[in-house]
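K.L.:
Pasting a structure here, questions to come.
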Amino acid sequence: MDAEDNRRHLVAVAHAAFAQDGSGLPVREIARRAGLAPATVHRHFPSRDDLLAAVLDGQVRRCERQLRAALADPDSRRALTRTFHRFGEWQVAERGLAKALSGAAFAGQRHEHAEAFARLVERAGAEGVLRPRVSVDDVRIALTAITSARALPAARQLTRVLLTGLLA
């Protein structure tokens, strides 16, 4: 493996490890799971926080791509529904990363994502996709409720229930 392949492999392994076991997982354990020496990890990422930042940056970029795709989708019902389902699945599958993304380092990106989500909800409301009097805040509260699900079947069921109450 060349250096760039090692880096990509480390980020992928760290992503899976942090998602499963939380962002406090030691570098030594990530190196073990990657099949690499801890020194190799430290050559690419001097600290666990540097490795975590690379993983979180990837998550933020993925979320941005998904929001752009949702806003570009001409069907606001489909776009909002997919956004809810993806969020619920992400919350369960990557619970260990969700808390790390709530830190101050990503406040700007969270604000941008919130604005994009608000535009998506406002468009759905204007197109009659939402029930009357459902606000952006109502939809955000419903999205936040999904974070309580601990297993994928529960997240999917809760998402369906919430969407039933929000969509016209």
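For what it's worth, the working numbering labels the leading residue of the sequence shown as 111, then goes sequentially.
Virtual Cβ for every residue (Gly too), placed ideally from N, Cα, C.
1. What would DSSP say about Leu-135, mapped onto helix, strand or coil?
2. Looking at the secondary structure, which residues open and close the alpha helix (DSSP H) in which Phe-227 lies?
3. Could you give the DSSP three-state label for Leu-146: helix, strand or coil?
4. Suppose contacts are defined by Cβ-Cβ distances below 9 angstroms. Is Arg-241 in contact with Leu-277 by that definition?
5. Rounded to whole angstroms, how far is the Cβ of Val-246 from the Cβ of Ala-228, which I believe are closer than 8 angstroms?
6. In this structure, what does DSSP give as the bridge partners for Leu-277?
7. Taking the alpha-carbon positions, what's the Leu-135 to Asn-116 distance?
8. What residue does the alpha helix (DSSP H) around Ala-261 start on, and which one ends it?
9. Per DSSP, what kind of secondary structure is Asp-115 in: helix, strand or coil?
10. Is Gly-168 near His-223, with beta carbons less than 9 angstroms apart?
11. Relative to the C-alpha of Arg-118, which candidate in Arg-138, Ala-164, Ala-127 and Ala-129 has its C-alpha closest?
P.N.:
To lay it out plainly:
1. Leu-135: coil per DSSP, three-state reduction.
2. That run of the alpha helix (DSSP H) goes 217-236.
3. Leu-146 falls in the coil class under three-state DSSP.
4. Their beta carbons are under 9 angstroms apart, which means Arg-241 touches Leu-277 by this criterion.
5. Between Val-246 and Ala-228 the beta-carbon gap is near 5 angstroms, inside 8 angstroms, which marks them as a contact.
6. Partner(s): Leu-240.
7. The straight-line gap from Cα to Cα measures roughly 19 angstroms.
8. No alpha helix (DSSP H) contains Ala-261, which DSSP labels as neither H nor E.
9. Three-state result, Asp-115: helix.
10. No.
11. Out of Arg-138, Ala-164, Ala-127 and Ala-129, the CA that lies nearest to the CA of Arg-118 is found in Ala-164.
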